[in-house]
Amino acid sequence: MSVPKIFEEQAERLPISGIRNNGAGRKALSFGSYKTSKIKRGWNVTKGRLDRNTGVTSEERLLRAFNVGTMNTTSTQKDKFSFTITDGNLAAEVFGLERRTKEETRYQNFRNRSFGDFNVNSIEKNFQYSFSALIDVQSVSYKMPWNLLLYSSFNHTKKRNFFEREDIREEGILTNEKDTITIRAIKIQTFVTDNGKEQTLPIPIPAAFELRNEDGVCAIIDTRGKIVWMYRELDKPAKLAIAASASAILLRRVTSTGIGY
3 MSVPKIFEEQ
13 AERLPISGIR
23 NNGAGRKALS
33 FGSYKTSKIK
43 RGWNVTKGRL
53 DRNTGVTSEE
63 RLLRAFNVGT
73 MNTTSTQKDK
83 FSFTITDGNL
93 AAEVFGLERR
103 TKEETRYQNF
113 RNRSFGDFNV
123 NSIEKNFQYS
133 FSALIDVQSV
143 SYKMPWNLLL
153 YSSFNHTKKR
163 NFFEREDIRE
173 EGILTNEKDT
183 ITIRAIKIQT
193 FVTDNGKEQT
203 LPIPIPAAFE
213 LRNEDGVCAI
223 IDTRGKIVWM
233 YRELDKPAKL
243 AIAASASAIL
253 LRRVTSTGIG
263 Y
């Protein structure tokens, strides 16, 4: 992904090695002078429940006439991990927690009830996703730890068409007692492949995160290219906090923005 020319001239380009495409794994990451420890991971746990129907709708009555049954389910997925990161002088401890809750309707088409022959399809209605991380930089400049928070959601009552989901936004903040950095997702619809060919997708997809402080853009996390761009003039503790945030964001395992992303 290309970055603005003005920012590129004032930033360090730091390709990340060690990261897997889906964020899973325990291997240490390395980019520029920053290196993490091996990643300590907890259980990736998913719990679900069948929602109780309060009444039968006209749509459900019609579907039953064609041997199609419906049921609503809610599932919650949680994941956590931790690691340390250093720039060769300063170090930080990072503790991350993901949580995703989704509601979906499952449609069962009974072709032959006596033999239990049926198809099951599901449509996701709503989801809520959050990611939080505590980043404790060991520096006298920052007595309080940094807190990273990302959030996204989708509500089917607002958008019913899959191709209208481009309005889904993943946004957040990175903050401590002194400074606040806002985070917003950047989506692209046209990109250049490794072969140099330009491709256009039917819908925009997440490609990066832009981090902005009171002075403007201070960092860009290219999640597709696995590159961190960081403003050179930031102080070292702030750079370490951003490097820790970039690592944590790329190490997530839970899908953050719903079907198709």
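Take 3 as the starting number for the sequence shown in our numbering and just add one per residue. The C-beta atom is built at its ideal place from N, Cα and C for all residues, glycine as well. Every value quoted in this text rests on a predicted model; they were computed, and no experiment measured them.
Linking S4 to I244 through their CA atoms gives a straight-line distance of about 20 Å. By the neighbour-count definition (other C-beta atoms within 10 Å, threshold 16), P239 is a buried residue.
Three or more beta-carbon pairs separated by less than 8 Å are not found between the stretch 193-213 and the stretch 125-141, which leaves the two stretches without contact. Within its own chain, the residues whose Cβ lies closer than 7 Å to the Cβ of A30, once the five positions on either side in sequence are excluded, are G20, K37, T38, S39 and K40, listed in chain order. Residue E14 holds the alpha-carbon nearest to the alpha-carbon of I229 among E14, Q201 and R101. A221 is bridged by DSSP to L213 and M232. The three-state secondary structure of L152, taken from DSSP, is strand. Residue pairing for G174: DSSP places it in a beta bridge opposite L152 and I185. Beyond the five residues adjoining it in sequence on each side, L252 comes within less than 8 Å, by CB distance, of I18, I21, G25, L31, I223, T225 and K228 in the same chain, given in chain order. D81 counts as buried, since no fewer than 16 other beta carbons sit within 10 angstroms of its beta carbon. Under the three-state reduction of DSSP, E11 is assigned to helix.
When the Cα atoms are used, E100 and S132 turn out to be separated by approximately 6 Å.
Counting along the chain, K241 sits inside no beta strand (DSSP E); it lies in the alpha helix (DSSP H) bounded by residues K238 to L252.
In the three-state DSSP reduction, N74 falls in the strand class (E or B).
Scanning its chain for C-beta atoms nearer than 8 Å, with the 5 sequence neighbours on each side dropped, one finds around E10 the residues W231, in chain order. For Y36, the uninterrupted beta strand (DSSP E) run begins and ends at Y36 to T38, by DSSP.
Look at Q130 here: in three-state DSSP terms it is strand.
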